[in-house]
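Student: The structure is given below, and queries will be raised subsequently.
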Amino acid sequence: MSKSRTRAGWMVFAVALCAVTLHAAVQPHPLFQHNMVLQRRCALPVWGTALPGETVTVAFAAQRVRGVTDTQGVWRVRLAPQRVCTTPQTMIIAGSSRIELTNILIGDVWVCSGQSNMEWPLEKGSNAAAEIAAAAQYPTLRLFTVARATALTPQTNLVGTWQVSSPETAAEFSAVATFFARALIARRGVPIGLIHASWGGTPVESWTRRAVLEAFPFMTQRLRAADEAVRSYDPAAAQRQYERDLAIWQTNAAALQALGQPAPWQPQLWDPSHNAWQPCSLYNAMIAPLLPFALRGVIWYQGEANAWNADQYCVLFPAMIEDWRAQWGCGAFPFLFVQLANFLERQTAPVQTNASWPLLREAQAMTLRVTNTAMASAVDIGDANDIHPRNKQEVGRRLALAARALGDGEPLVYAGPLFRDLRIVGSNMIMRFTNGGGGLVAKGGALKGFAVCGADTNWVWATAVIRGATVVATAPGGARPVAIRLAICTTKTVCQPHPSARTSKSSVFTKSK
Numbered sequence: 129m130s131k132s133r134t135r136a137g138w139m140v141f142a143v144a145l146c147a148v149t150l151h152a153a154v155q156p157h158p159l160f161q162h163n164m165v166l167q168r169r170c171a172l173p174v175w176g177t178a179l180p181g182e183t184v185t186v187a188f189a190a191q192r193v194r195g196v197t198d199t200q201g202v203w204r205v206r207l208a209p210q211r212v213c214t215t216p217q218t219m220i221i222a223g224s225s226r227i228e229l230t231n232i233l234i235g236d237v238w239v240c241s242g243q244s245n246m247e248w249p250l251e252k253g254s255n256a257a258a259e260i261a262a263a264a265q266y267p268t269l270r271l272f273t274v275a276r277a278t279a280l281t282p283q284t285n286l287v288g289t290w291q292v293s294s295p296e297t298a299a300e301f302s303a304v305a306t307f308f309a310r311a312l313i314a315r316r317g318v319p320i321g322l323i324h325a326s327w328g329g330t331p332v333e334s335w336t337r338r339a340v341l342e343a344f345p346f347m348t349q350r351l352r353a354a355d356e357a358v359r360s361y362d363p364a365a366a367q368r369q370y371e372r373d374l375a376i377w378q379t380n381a382a383a384l385q386a387l388g389q390p391a392p393w394q395p396q397l398w399d400p401s402h403n404a405w406q407p408c409s410l411y412n413a414m415i416a417p418l419l420p421f422a423l424r425g426v427i428w429y430q431g432e433a434n435a436w437n438a439d440q441y442c443v444l445f446p447a448m449i450e451d452w453r454a455q456w457g458c459g460a461f462p463f464l465f466v467q468l469a470n471f472l473e474r475q476t477a478p479v480q481t482n483a484s485w486p487l488l489r490e491a492q493a494m495t496l497r498v499t500n501t502a503m504a505s506a507v508d509i510g511d512a513n514d515i516h517p518r519n520k521q522e523v524g525r526r527l528a529l530a531a532r533a534l535g536d537g538e539p540l541v542y543a544g545p546l547f548r549d550l551r552i553v554g555s556n557m558i559m560r561f562t563n564g565g566g567g568l569v570a571k572g573g574a575l576k577g578f579a580v581c582g583a584d585t586n587w588v589w590a591t592a593v594i595r596g597a598t599v600v601a602t603a604p605g606g607a608r609p610v611a612i613r614l615a616i617c618t619t620k621t622v623c624q625p626h627p628s629a630r631t632s633k634s635s636v637f638t639k640s641k
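First residue of the sequence shown? That's 129 in my numbering, and the numbers climb one at a time after it.
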């Protein structure tokens, strides 16, 4: 045999040996890294991979537990519940190899998900420079950002790194999640771990498990179309179409630029197998791999992408919440979400010309039927000209109030007033609200945004005042009103569940708040 062939043979053997060695090494799941936060007060699953049949030992906080890998090379152990610990701890995972993870804290872990308003980084928010500098004051805040990914089936692995809050790392942290965590740390001093998994512009269907979507008849055609798009996808044809679209875009963009106008959205190469708007795609790639990492709860900021189908959202969103809880297997953890902020110009006439966002807000409010949920209202802190309002500090603070109430049982007012009921007396509509706290207050002066109509359905602005624990809206001219709207939503629910929703497996309709 020639020397060259012998050398080539040894190279092949060396590569094969390296591959075997890498496969044989004991590896924890990517969530288990230096600088992580582990959830207090609950059993802690720890898992990873090694050779099939190998014994793996995990040592942490005076505990030492063993597990054996299954036929697929997956091992899993469970550590006993731990108390809050702000002193850095070390975890040792050992088998055929040994890994030492350091600077671990024990506190509360929150998954932070949704679309672009959750994704929005600290560096693009209000008072950015000062807030980034302030990151040095929160060394017990740790963030794990899940890298964007899509998948057609549920995955087990992901990409991401735990980072300690500092001026060097915080600029790209989710602003809402950051202010949420800072408010909790300032109040209780408990370390906070944030697992951030969001993607701008994506609908709730992308974050929902396939079996849940299949339970809703209105999703049948959508799922079939998604499956057919994958089956019939032609990469070469897609590339040609993309090049045609790009050429047209370049011509139009140049013309608009010459006129001083912004360019339209640049076309993208579309592949249904790697598309964030495909149903289930983000659940499969960015949520399923997190299971069953122990957590305290979820904060969620999403809904803009579903504004066109509020009647579906009011059942899809609750179903997603309940399924995430079922898949995690750690009870009805708090699920806290942000109601859509105000956007687009204020209407001067009491007519419902753009109903999509108000109806989506109503669908979000209906989700409060699901147990242990809370909604942070943001309709007063948005921006009429920007779908990404910069005041993320207040959004995070309001979510933190809900976390303190639902998560820690603090007796505090953690949500804005919610409509309860009304009665009509002459030309007056007398409304009662929940979450009144110490009393109703009109922020910024007189009450605005109330419209009423009579039997003729002619909507007119009403005069509204606070009287004790009620709001009294009066129709002009002494007319008797039959319906009322606030911020272009009616007190008689106009966002009815989709007709097929009640035949689904969702149990939201039997839940109590």
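Ideal placement from N, C-alpha and C gives every residue a C-beta, glycine not left out.
(1) Measure from the alpha carbon of residue 572 to the alpha carbon of each residue in 500, 508, 484 and 246, then state which is nearest.
(2) Taking all protein chains shown into account, decide if residue 376 is buried (16 or more other Cβ within 10 angstroms of its Cβ) or exposed.
(3) Distance, Cα to Cα, residue 563 vs residue 544?
(4) Should residue 520 go down as buried or exposed, given a rule of 16 or more other Cβ atoms within 10 Å for buried?
(5) Got a sec? Which residues, its chain only, sit under 6 Å from residue 620 by beta carbon, not counting five neighbours each side?
(6) At which residues does the alpha helix (DSSP H) containing residue 290 begin and terminate?
(7) So what's residue 402 in DSSP terms, helix, strand or just coil?
(8) Kindly indicate which three-state DSSP category residue 497 falls into: helix, strand or coil?
(9) According to DSSP, is residue 326 helix, strand or coil?
(10) Whole angstroms is fine: what's the gap from residue 292's alpha carbon to residue 475's?
(11) My output table needs one value for residue 278: the three-state DSSP class, helix, strand or coil.
(12) In three-state terms, what does DSSP make of residue 228?
(13) Please state whether DSSP places residue 634 in a helix, a strand or coil.
(14) With a CB to CB cut of under 8 Å and the five nearest residues on each side skipped, what residues in its chain are close to residue 270?
(15) Starting from residue 549 and walking both ways along the beta strand (DSSP E), at which residues does that stretch end?
(16) Looking at the structure shown, is residue 161 part of a helix, part of a strand, or coil, going by DSSP?
(17) Between which two residues does the beta strand (DSSP E) carrying residue 605 extend?
(18) Helix, strand or coil: which one does DSSP assign to residue 241?
(19) Confirm, please, whether the CB-CB distance from residue 288 to residue 430 is below 7 Å.
(20) Between the stretch 483-492 and the stretch 535-554, can you find at least three pairs of beta-carbon atoms closer than 8 Å?
(21) Is residue 185 helix, strand or coil when you go by DSSP?
(22) Can you say whether residue 393 is buried or exposed, counting buried as having 16 or more other CB atoms within 10 angstroms of its CB?
(23) Just to confirm my understanding: we take residue 201, look at its own chain, exclude 5 residues before and 5 after, and list those with CB closer than 7 Å. What are they?
(24) Which residues mark the beginning and the end of the beta strand (DSSP E) in which residue 222 is found?
(25) Taking just the CA atoms, how far does residue 265 sit from residue 314?
(26) Is it buried or exposed for residue 259, if we count other Cβ within 10 angstroms and need 16 for buried?
(27) Beta carbon of residue 336, beta carbon of residue 411: below 7 Å?
(28) Going by other Cβ atoms of all chains shown within 10 Å of its Cβ, with 16 needed for buried, is residue 446 buried or exposed?
(29) According to DSSP, simplified to helix, strand and coil, what is residue 587?
(30) Could you check what DSSP says for residue 370 in three-state terms: helix, strand or coil?
(31) How close, in whole Å, do the beta carbons of residue 561 and residue 546 come, if the pair is a contact with beta carbons under 8 Å?
(32) Quick one: what's residue 556 bridged to in DSSP?
(33) Taking a contact to mean a Cβ-Cβ separation below 7 Å, would you say residue 199 touches residue 268 in this structure?
(34) Determine, using beta carbons only, whether residue 565 and residue 307 come nearer to each other than 7 Å.
(35) Identify whether residue 535 lies in helix, strand or coil by the three-state DSSP scheme.
(36) If we count the other Cβ atoms within 10 Å of its Cβ and call it buried at 16 or more, is residue 89 buried or exposed?
Tutor: In short:
(1) 508
(2) exposed
(3) 6 Å
(4) buried
(5) Note that residue 620 has pLDDT 41, beneath the 50 cutoff, so the model's placement of it is unreliable and the number below is only indicative. Within the same chain, residue 620 has no close Cβ partners at all.
(6) Note, residue 290: premise wrong, no alpha helix (DSSP H); beta strand (DSSP E) at 290-292.
(7) helix
(8) helix
(9) strand
(10) 45 Å
(11) coil
(12) strand
(13) The pLDDT assigned to residue 634 is 35, lower than 50, so where the model puts this residue is not dependable, and the model offers no usable value.
(14) 163, 164, 165, 233, 290, 291, 292, 293, 319, 320, 321 and 322
(15) 546-553
(16) coil
(17) From DSSP, residue 605 is part of no beta strand (DSSP E); its letter is neither H nor E.
(18) strand
(19) no
(20) no
(21) strand
(22) exposed
(23) 177, 178, 179 and 180
(24) 213-222
(25) 10 Å
(26) buried
(27) yes
(28) buried
(29) strand
(30) helix
(31) 6 Å
(32) 553 and 602
(33) no
(34) no
(35) helix
(36) No information on residue 89 is available, as it lies outside the stretch 129 to 641 that the chain covers here.
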